[in-house]
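Numbering (this note's numbering) for the sequence shown: 1 to 108.
This report concerns only the one structure given below.
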Amino acid sequence: MYRQGDVLIVPVAQDAVPPHVARAPREARDGRGRLVLALGEVTGHAHAVVGPGDLVREPGAFGPLLLHLPQGGRVVHEEHAAIALPKGWYRVIRQREYVPGSVRIVAD
Numbered sequence: 001m002y003r004q005g006d007v008l009i010v011p012v013a014q015d016a017v018p019p020h021v022a023r024a025p026r027e028a029r030d031g032r033g034r035l036v037l038a039l040g041e042v043t044g045h046a047h048a049v050v051g052p053g054d055l056v057r058e059p060g061a062f063g064p065l066l067l068h069l070p071q072g073g074r075v076v077h078e079e080h081a082a083i084a085l086p087k088g089w090y091r092v093i094r095q096r097e098y099v100p101g102s103v104r105i106v107a108d
């Protein structure tokens, strides 16, 4: 398991990847060619993956992301040390905070 700020990255076994992911649409890369896992609302900084891979958003309001890195990759952010990830599948989860009456993703 890996953590960078408010982003948790959990390895997923190949046989545990849901079958619908094979035909699900992929998230687009940003203008710098990165797969953005989370964008800071305040700073504009991004938790992002550089290198080959795919990012699939699961359904739901807080839909976790599934990240596939066929050759491994690095998660980068302007305010955190880079994290090297081995090849494989990962579930990307944003930290949430409780506010009476609602649940929301933590503002970065």
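Glycine included, C-beta positions come from ideal geometry on N, C-alpha and C.
Quick caveat, the model's predicted, so the values are computed rather than measured.
Other residues of its chain near residue i: CB distance less than 7 Å, five sequence neighbours each side excluded
i     : result
Gly88 : Pro11, Leu69
Val92 : Val7, Ile9, Leu37, Pro64, Leu65, Leu67
His80 : Gln4, Gly5
Gln14 : Trp89
Limits of the beta strand (DSSP E) - the one that residue i falls within
i     : result
His80 : 80-85
Pro25 : Segment: none, Pro25 is in no beta strand (DSSP E) and carries neither H nor E.
Check whether residue i and residue j have beta carbons under 7 Å apart
i     : j     : result
Gly73 : Gly53 : yes
Val36 : Ala46 : yes
Val76 : Ala48 : yes
Arg57 : Leu65 : yes
Sequence-distant residues of its chain with Cβ nearer than 6 Å to residue i (five each side left out)
i     : result
Pro86 : Gly72
Ala84 : Arg74
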